[in-house]
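Asks: For reference, the structure I am asking about is given below.
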Amino acid sequence: KGYFRDADAAREAFTEDGWFRSGDLAEIDEDGNVKITGRAKESIVLSTGKKASPDELEAKYRDIKGLKDFAICGVPAESGDYDEIHAFAVIENGCTEAEIGEKIIKISADLPSFMRIISLLSTSGRTYLFFAATVARLV
């Protein structure tokens, strides 16, 4: 259990009773269901060396009517030296990707450049439409 030949890393990564410290914050309801509610470490390091907060970005877009779920995360850049910010959304049945895209563009127009979603990529799932968006880089 733990990291091979690295006791210090294992002590940092696991609790004394064997739970892995994923960095996620969660709640357990009365039925025993676990819901991820946030992150313990709240920054994504960008190419400029600046840090972006996923929660701050998510708060700007999360209340769009027609979004079932919305999350921001860092995705390693091709060079591997930094993360790019990406947004992921689950669109409710009955809403279209175009409708959500219009709402995102409208919200983005009033935000600082580093919080704007600048492009949308999409694939259709069986039940929901999913899209990933690139958020403008901090400069």
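Reading the sequence shown from the start, the letters are residues 9 to 147 in our numbering. Glycine included, every Cβ here is placed at the ideal spot set by N, Cα and C. It should be emphasised that the depicted structure is a prediction, and the values quoted were computed from it without experimental measurement.
What are the start and end residues of the alpha helix (DSSP H) that includes K68?
Replies: P62 to Y69
Asks: Here's the rule: buried if 16 or more other CB atoms are within 10 angstroms of the residue's CB, otherwise exposed. What is I113?
Replies: exposed
Asks: Do you know whose CA, among G88, D39, I125 and D14, lies nearest R70's CA?
Replies: I125
Asks: Residues in the same chain with beta-carbon distance under 7 angstroms from Y90, minus the five sequence neighbours each way, listed in chain order, please.
Replies: Hits under 7 angstroms: V53, L54 and S55.
Asks: For I72, which option in D16, G109, D118 and F28 has the closest C-alpha, if you only look at C-alpha atoms?
Replies: G109
Asks: Does the pairing of the segment 33 to 46 with the segment 89 to 106 give three or more beta-carbon distances under 8 angstroms?
Replies: Flag = no, the segment 33 to 46 and the segment 89 to 106 do not touch.
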